[in-house]
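Residue numbers (mature numbering (1 follows the signal peptide of the UniProt record, and there is no 0)): -25 to -1, 1 to 1040. Glycine included, C-beta positions come from ideal geometry on N, C-alpha and C. What you are looking at is a predicted structure, and each value in this text was computed from that prediction instead of being measured. The structure appears below as structure tokens.
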């Protein structure tokens, strides 16, 4: 998202129990064992010989639930407790190196874990406090601004083993970011890209090295200084500080982010801090290849004996002459091409890509087998002969039948079918090899599916049926159009080494539980890990993958472009092998800036041409060169293209660009591409005609949403004093980043974003109030945790309701002329505890928005569409199923006592595939009389349910915006009672309660991660359920699905319920 813009159930159970994930690079003998990971990548230390991990046994990975921590706890935190907050599971390294971290002048030197980032080691050592707490983001800025952080370790423990090999290769899976690598007193190389791996032959550096001097040194220089120096290569690149918004690029905190290949959000964004971490953030290995020869002074007989002893020492086998560090297997239909429809009857092609280091010249061949299909594929020579050294991008292709006994079952995304995966056995051996010992074997998982983004012209048949002319924007999987519902994924933590398996699994499991079928990887973070895509493959979760360019135009001078091409080639090969990967997108929001920012500049065409060359040529060709099956779109918000070959983008001024340029929008015309929508004027946010005027020109909505405070539980982790629990305290304000300062000002109050949250509550809900000894306290500046908790709940209710209205409106667009085919809300996770657009908090807790997003993404859902100007309501039934649905709709209007005020209505309708059917148009809102004099009325409220033959019951609750502020709410006397069934609860309002309970919110205590579900029909699995309404005498029975628990079940005693009535009482 653009940060400174801003006027701004079997499947679930099987998934939860799953322990074996998709692609793994293990030995042939280990293929039936669960994959092990190190730093979210496949752990290479389990290889048979010659692979030596540089990681420490202890890691920084934080498993869920997050360790117990209260920021305002006055007792001192011991060293061991600090370590327990940051240390995770142990690695499998047999020999552990001792790493140290040192600052520029040597005044700081502390032990370090590996993988690492400097902040984490300083936190472990007690030199800094948690940067997330209080105002520590400001007091720890010196860490990110330090000129150099140096990691060192002695390689002496590994030398006896390494020197038995002829060659030694140093392999880094990632370095963040500007790093000088040396061994002893010999410089090895330097790095300048966080998003790729690095490999160096260090044989000469290790040959004859004195063990006492055999130190490996990783000197991480300032990414800020590097970016500043690089920016001089394109000195006129205006940003929001030099030309205002819209600009060529956006500043959040630190400048020049676009000139360094580092995670953009590390330098600040409008939902997270600017820490600028540095360090070896991913695992690293030393690889031994080939048997070492004896010294020249040794005679032939002695040399032969030493060589024999060496081979016997290495498990009785000769050392490998090849090390495969990268292997992919992309699956597509024969003849398939990017962005074009495949022949769904054609045979399958398995394209194997390899990156390997070889100690010999010569050809090599690959064999494949798929045991479950009893299929063995003949050997195929790789695309080019191997040479001594690094061999990148070698490939070999195989054909698999699409019918008959050996035909594979299809992999389907969630909602369309089962995500079937197959083990594929690989064997790589030199051509002419006489021994099986010379072969390298491993196993991966993959699935057989086609997926492409259909941007073809709208057919005459659809136009005749009422679809607006233009082009489609819809994902087609195995020949079936698929309606997309999901969220955007930002980095999971401000510090990459803390991200654990449980964090990744929680994100994907929670998306499935919320009826999502796609997660979008946002272009301002990092490429997601192999483990993330493995989990997505197993869950049937489609993934929208973006190249890492965000909210800016970018430089394209040769050194920068060449660096990017290497990065893209590696990541496209790695990710495109996953059946979950649905698309490659060139950037986040770049096309919007290309459309309107240059128009403010006299030389604006130069920036337009630069964008065209970089994203329509350089990035596109780098992606096409490394995948045959995946579609490419230059930008997240895009108008698409006029032609593919030659590639001609459709750069007519699009609807969003026109709005930003104050150009009136036509009422008719074409619809194409994807767009986003943000608006922060709460007096207009429920006016659907406002965002409808934009969305009717697009086929897909890729970003939208609104921000809210995090829960009080999240703020417990970051507010160090009780008085900080005030709505306008400095500690709360610095955890709201919308809109960022755009410079180094700190603490920054973010007045606009903070005011937008409080304004929503002032307009639509009762004033948050606490009562103390007969005194009512409403002042948000009061340091009261109870009052702050009510504010947090209130802003989250507003976020959930507003976002749900948008989700349903865009989904109803499938039945409107724009023929909408998907909506991705912003955003699906948090990078730290604070205010944001997220539906899930840092640590995994579901916010109200995630529950309503689940409700709106059900297969069949009701929608109450409010016409704010006419004051009327349309009722709809919507379906994302590819088959026609028969549903029964029931709706009832209630007064605020909870009594029906008109006769309930029932109606049966059929809904066409991926479409909607109107239930009632221009419904007049019944009024209910209030007040002692009986001369005042407020609108009633509606409960609308659908019962589907195939998908059970779904529901919505609705009252006109603003009604809850003036409605005569009374105490619903809600009770939460645990039932005999484990983790099940009954929530009820007794018969003698005096009023209805709007937006009932069930909340679990800290120490457990999961979500509430409810059985909503005999023919459907339990559905995520929370934030419902109760009437006197009614009850709901829910069950909590435990994903992670550190309380040993004690959390059950802490489940509570509240409603809107509790905001002011």
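Quick check on the DSSP output: the beta strand (DSSP E) that includes residue i runs from which residue to which?
{"i": "residue 961", "result": "959 to 963"}
{"i": "residue 455", "result": "455 to 457"}
{"i": "residue 848", "result": "847 to 854"}
{"i": "residue 903", "result": "902 to 905"}
{"i": "residue 1033", "result": "1031 to 1033"}
{"i": "residue 363", "result": "Note, residue 363: premise wrong, no beta strand (DSSP E); not H, not E."}
Starting from residue i, trace the alpha helix (DSSP H) in both directions and tell me its first and last residue.
{"i": "residue 546", "result": "533 to 551"}
{"i": "residue 351", "result": "Premise fails: residue 351 lies in the beta strand (DSSP E), 350 to 356, not in any alpha helix (DSSP H)."}
{"i": "residue 665", "result": "663 to 670"}
{"i": "residue 772", "result": "760 to 787"}
So with Cβ pairs under 7 Å, would you call residue i a contact of chain B?
{"i": "residue 1030", "result": "Absent here is chain B; the protein component of the structure consists of one chain."}
Return the CA-CA distance between residue i and residue j, expressed in angstroms with no decimal places.
{"i": "residue 795", "j": "residue 383", "result": "32 Å"}
{"i": "residue 548", "j": "residue 303", "result": "6 Å"}
{"i": "residue 433", "j": "residue 538", "result": "39 Å"}
{"i": "residue 458", "j": "residue 798", "result": "9 Å"}
{"i": "residue 526", "j": "residue 653", "result": "14 Å"}
{"i": "residue 53", "j": "residue 107", "result": "The predicted model places residue 53 with a pLDDT of 36, which falls under 50 and marks its position as unreliable, so this point remains unresolved."}
{"i": "residue 858", "j": "residue 891", "result": "12 Å"}
{"i": "residue 338", "j": "residue 83", "result": "51 Å"}
{"i": "residue 29", "j": "residue 258", "result": "7 Å"}
{"i": "residue 704", "j": "residue 124", "result": "34 Å"}
{"i": "residue 979", "j": "residue 1012", "result": "15 Å"}
{"i": "residue 1037", "j": "residue 754", "result": "16 Å"}
{"i": "residue 1015", "j": "residue 999", "result": "9 Å"}
{"i": "residue 1050", "j": "residue 515", "result": "What is shown of the chain runs -25 to 1040, which leaves residue 1050 out entirely."}
{"i": "residue 26", "j": "residue 672", "result": "55 Å"}
{"i": "residue 283", "j": "residue 334", "result": "Only weak support exists for where residue 283 lies, its pLDDT of 33 falling under 50; the coordinates are left without a value."}
{"i": "residue 60", "j": "residue 690", "result": "Residue placement at residue 60 is poorly supported in this model, since its pLDDT is 35, which falls under 50; the coordinates still yield a value, given next. Rounded to whole angstroms, residue 60 to residue 690 spans 17 Å at the Cα level."}
With DSSP collapsed to three states, give me the class of residue i.
{"i": "residue 20", "result": "helix"}
{"i": "residue 305", "result": "strand"}
{"i": "residue 218", "result": "helix"}
{"i": "residue 262", "result": "strand"}
{"i": "residue 104", "result": "coil"}
{"i": "residue 118", "result": "helix"}
{"i": "residue 341", "result": "strand"}
{"i": "residue 688", "result": "helix"}
{"i": "residue 296", "result": "coil"}
{"i": "residue 966", "result": "coil"}
{"i": "residue 211", "result": "coil"}
{"i": "residue 681", "result": "coil"}
{"i": "residue 327", "result": "strand"}
{"i": "residue 1026", "result": "helix"}
Considering only the beta carbon of each residue, do residue i and residue j sit closer than 7 Å?
{"i": "residue 982", "j": "residue 945", "result": "no"}
{"i": "residue 298", "j": "residue 324", "result": "no"}
{"i": "residue 792", "j": "residue 445", "result": "no"}
{"i": "residue 853", "j": "residue 895", "result": "no"}
{"i": "residue 596", "j": "residue 560", "result": "no"}
{"i": "residue 386", "j": "residue 554", "result": "yes"}
{"i": "residue 143", "j": "residue 172", "result": "no"}
{"i": "residue 837", "j": "residue 921", "result": "yes"}
{"i": "residue 192", "j": "residue 317", "result": "no"}
{"i": "residue 943", "j": "residue 871", "result": "yes"}
{"i": "residue 889", "j": "residue 924", "result": "no"}
{"i": "residue 768", "j": "residue 1002", "result": "no"}
{"i": "residue 898", "j": "residue 848", "result": "yes"}
{"i": "residue 582", "j": "residue 528", "result": "yes"}
{"i": "residue 711", "j": "residue 245", "result": "no"}
**Item:** Uninterrupted beta strand (DSSP E) stretches inside the stretch 914 to 952 (no shorter than 3 residues)
**Value:** 916 to 923 and 927 to 933
**Asked** Curious, which full-length beta strand (DSSP E) runs of at least 3 residues does the stretch 795 to 856 contain?
**Response** 797 to 800, 835 to 842 and 847 to 854
**Asked** Quick one: complete alpha helix (DSSP H) runs, 4+ long, within the stretch 116 to 193?
**Response** 116 to 120, 134 to 137 and 178 to 181
**Message:** Which complete alpha helix (DSSP H) runs does the stretch 403 to 466 hold, if anything under 4 residues is left out?
**Reply:** 435 to 439
**Message:** As an exercise, report each continuous alpha helix (DSSP H) stretch of at least 4 residues that is fully enclosed by the stretch 967 to 1014, in chain order.
**Reply:** none
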